[in-house]
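A short write-up of the structure that comes next.
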Amino acid sequence: MKTLSVFQNEYINELMVKFPIGIKVLFTHELREWQKTNAVTNQKTVSSNVNSEVKNSIQDHTSKTIDIDEVLKSSSTGKMITDYYKIHNKFNNNIRTLLVDLIVSHIITKKILMSVQLASNIANYIVAIFPSEVKDIYFMKDTGVNKNPKGKIYAKYYNSMRTLRTCGLVPAVKKSSVKTISHNRYDQQEFEPESDINYILEQIMHDSSISFPILEKLWKQTTKYRLNEIANSTGTSEILKKWNHYTQPLGYRLIDVDFKTLYSNCSDIKYAIEEKFDVLFKLLKEQIKDTESKKMLEYYEENISNISENGKHSVLFYLLHGLLVPTAKKMTKDHTGKKSIIKYSIKDSQNSFMVFKNSVLEMEDYNISRRSENVPIQPFIIICGTTFKPKEIIIFFDCIKYKMFSFISAIDICFKIFHIFNLEYPVESYTVWLFIQKYFYDINTKYDKACHTLGQILSDLKN
1 MKTLSVFQNE
11 YINELMVKFP
21 IGIKVLFTHE
31 LREWQKTNAV
41 TNQKTVSSNV
51 NSEVKNSIQD
61 HTSKTIDIDE
71 VLKSSSTGKM
81 ITDYYKIHNK
91 FNNNIRTLLV
101 DLIVSHIITK
111 KILMSVQLAS
121 NIANYIVAIF
131 PSEVKDIYFM
141 KDTGVNKNPK
151 GKIYAKYYNS
161 MRTLRTCGLV
171 PAVKKSSVKT
181 ISHNRYDQQE
191 FEPESDINYI
201 LEQIMHDSSI
211 SFPILEKLWK
221 QTTKYRLNEI
231 ANSTGTSEIL
241 KKWNHYTQPL
251 GYRLIDVDFK
261 TLYSNCSDIK
271 YAIEEKFDVL
281 FKLLKEQIKD
291 TESKKMLEYY
301 EENISNISEN
311 GKHSVLFYLL
321 HGLLVPTAKK
331 MTKDHTGKKS
341 IIKYSIKDSQ
351 NSFMVFKNSV
361 LEMEDYNISR
371 RSENVPIQPF
381 IIICGTTFKP
391 KEIIIFFDCI
401 KYKMFSFISA
411 IDICFKIFHI
421 FNLEYPVESY
431 TVWLFIQKYF
441 YDINTKYDKA
451 CHTLGQILSD
461 LKN
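If you're matching positions, the sequence shown starts at 1 in full-length UniProt numbering and goes up one per residue.
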């Protein structure tokens with residue numbers, strides 16, 4: 001009976017999928033009448049039922065009870081938040097911030113200690129009472145070893161406590177040093193190598209006169225063997241030395257061949273972009289706050305008829321960095337040697353993803369400059385022209401340089417290089433690349449780093 005009291009249309013559809021439409025309509029009508037008669041469909045009752053369950057869970061892990069329903073009811077802000085949800089059936093980011101501020105303020109006032117379990121349970125409660133919300137935005141457990149959880153609740157609590165300690169309102173706590181263990185971020189499958197391929201391998205590696213169409217055909221016959229070799233290699237230099245055909249001008253087609261074996265069932269961005277472009281641009285217009293990004297959006301809308309397809313795609317992926325703002329930090333030193341920690345900027349994220357130059361000569365000079373730094377170069381896109389008018393598009397990685405004619409193809413091959421060569425995404429633009437992985441390719445691995453804002457954005461795009 002308790003389950004029927006909160007039964008929604010989506011559950012009815014699932015339950016009665018095999019029944020005729022007439023029976024489904026009759027059942028829905030009778031259920032709604034029963035719910036009205038028993039007075040269980042109003043938000044107050046549902047909230048009470050949900051609150052009692054989650055509150056018990058919260059109380060199990062703390063010395064004090066957190067009655068979040070009462071927290072919302074006991075302040076004008078909480079009441080306005082509840083009323084806003086009744087009208088709009090969803091929150092925006094500002095409302096989410098107010099909700100978290102209210103809950104964390106209560107926790108600190110009541111001197112309740114934060115824990116991973118407490119943050120998780122509070123997030124569960126929020127999602128239970130406000131169903132369109134996504135738990136990851138409020139709490140997300142990082143899969144890394146000795147990694148702190150992420151999400152608005154955990155972050156707000158510890159930022160508030162840090163401020164209180166700095167002001168002297170709360171005693172400082174001594175930190176203990178913890179060693180972290182790094183993991184390979186990708187799941188490496190163990191492929192069953194193709195049989196009787198020795199002659200083919202010799203031809204691939206030693207036949208200098210082989211035509212590319214023949215090479216591509218032979219490449220497809222040795223993919224599993226090669227992926228195993230790459231998985232056990234010590235680095236990209238070793239891979240490119242043995243499989244030097246990757247460095248050919250058409251080597252990106254060999255990347256594509258291997259990727260289709262590595263992820264045989266994933267989506268294809270070249271097709272997905274057509275159906276997702278407008279939805280994504282709509283979200284950018286609604287949620288981007290960065291001033292420069294807003295100006296670019298305005299210019300785009302004013303001149304859309306004069307912008308090529310490559311230009312539209314270039315603008316879209318450039319603006320993604322203004323939506324998926326980097327959260328990683330870096331340590332810097334000033335001229336006196338004093339160290340400071342700052343967050344990567346939107347521009348840092350954009351520059352690690354794509355670089356714009358005015359001429360081919362400038363592009364070459366930039367590439368030479370990057371190589372002279374003797375620092376491993378992760379895949380990125382370099383463009384001759386501007387965001388709105390890309391003229392030449394080049395993928396640059398290690399000793400590889402691929403000339404592309406489509407911006408989306410450049411994104412596609414750049415993404416696939418990361419996966420074939422088992423490379424980390426650049427820390428500055430990590431969230432953007434992870435978004436591309438999940439949204440356009442529908443790929444998830446157990447080593448994806450937690451990013452709470454990404455979960456909410458992906459949810460917004462689906463709804």
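Even glycine gets a Cβ: it sits at the ideal position worked out from N, Cα and C.
Please state if the CB of residue j and the CB of residue i are separated by a distance shorter than 8 Å.
{"i": "Ile342", "j": "Lys330", "result": "yes"}
{"i": "Ile413", "j": "Ile255", "result": "yes"}
{"i": "Lys157", "j": "Tyr402", "result": "The displayed chain sequence assigns Tyr, not Lys, to residue 157. No, the pair does not count as a contact, with Cβ atoms beyond the cut-off."}
{"i": "Lys282", "j": "Ile288", "result": "no"}
{"i": "Gln221", "j": "Glu202", "result": "no"}
{"i": "Ser409", "j": "Lys312", "result": "no"}
{"i": "Leu102", "j": "Val71", "result": "yes"}
{"i": "Phe259", "j": "Lys152", "result": "no"}
{"i": "Asp290", "j": "Gly322", "result": "yes"}
{"i": "Leu240", "j": "Thr261", "result": "no"}
{"i": "Ser314", "j": "Thr236", "result": "no"}
{"i": "Glu302", "j": "Val257", "result": "no"}
{"i": "Ile400", "j": "Pro390", "result": "no"}
{"i": "Val197", "j": "Tyr154", "result": "Per the sequence shown, the amino acid found at residue 197 is Ile instead of Val. No; because the gap between Cβ atoms is not below 8 Å, this pair is not in contact."}
{"i": "Ala450", "j": "Met205", "result": "no"}
{"i": "Lys79", "j": "Lys73", "result": "yes"}
Assuming residue i contacts residue j under a Cβ cut-off of 8 Å, what Cβ separation, rounded to an integer in Å, is found between them?
{"i": "Val116", "j": "Pro149", "result": "6 Å"}
{"i": "Phe407", "j": "Ile393", "result": "6 Å"}
{"i": "Phe435", "j": "Leu324", "result": "6 Å"}
{"i": "Pro426", "j": "Gln350", "result": "With a Cβ gap of about 11 Å, Pro426 and Gln350 do not count as contacting."}
{"i": "residue 466", "j": "Leu461", "result": "Any answer about residue 466 is impossible in this case: the structure gives the chain only from 1 up to 463."}
{"i": "Phe396", "j": "Phe380", "result": "6 Å"}
{"i": "Gly455", "j": "Ile137", "result": "6 Å"}
{"i": "Asn122", "j": "Ile68", "result": "In the sequence under discussion, the amino acid at residue 122 is Ile, which differs from the Asn named in the question. Contact holds; Cβ gap of about 7 Å."}
{"i": "Ser160", "j": "Ile108", "result": "6 Å"}
{"i": "Val104", "j": "Ser459", "result": "About 22 Å; that fails the 8 Å criterion."}
So what's residue i in DSSP terms, helix, strand or just coil?
{"i": "Tyr402", "result": "strand"}
{"i": "Pro213", "result": "helix"}
{"i": "Cys384", "result": "strand"}
{"i": "residue 524", "result": "A question about residue 524 goes unanswered here, because the residues of the chain that appear run from 1 up to 463."}
{"i": "Val116", "result": "helix"}
{"i": "Lys242", "result": "helix"}
{"i": "Lys110", "result": "coil"}
{"i": "Val325", "result": "coil"}
{"i": "Lys150", "result": "strand"}
{"i": "Val418", "result": "This sequence places Phe at residue 418; Val is not what is there. Helix, per DSSP."}
{"i": "Phe397", "result": "strand"}
{"i": "Thr163", "result": "helix"}
{"i": "Phe91", "result": "coil"}
{"i": "Asn121", "result": "helix"}
{"i": "Asn310", "result": "helix"}
{"i": "Gln287", "result": "helix"}
{"i": "Ala272", "result": "helix"}
{"i": "Gln221", "result": "coil"}
{"i": "Leu454", "result": "helix"}
{"i": "Ile230", "result": "helix"}
{"i": "Ile66", "result": "coil"}
{"i": "Gln350", "result": "helix"}
On the DSSP bridge assignment, give the partners of residue i in chain order.
{"i": "Glu392", "result": "Cys384"}
{"i": "Ile341", "result": "Met331"}
{"i": "Lys357", "result": "Cys384"}
{"i": "Met296", "result": "None; Met296 has no bridge partner."}
{"i": "Met140", "result": "Lys150"}
Check your understanding: Should the region 126-144 be regarded as contacting the region 411-431, the criterion being three or more beta carbon pairs within less than 8 Å?
Key -> no
Check your understanding: Counting Cβ pairs, one atom from each stretch, are 3 or more of them under 8 Å apart for the region 307-322 and the region 353-365?
Key -> yes
Exercise for review: Decide yes or no for the touch test of the region 433-453 against the region 254-272: beta carbon pairs closer than 8 Å, at least 3 of them.
Suggested key: yes
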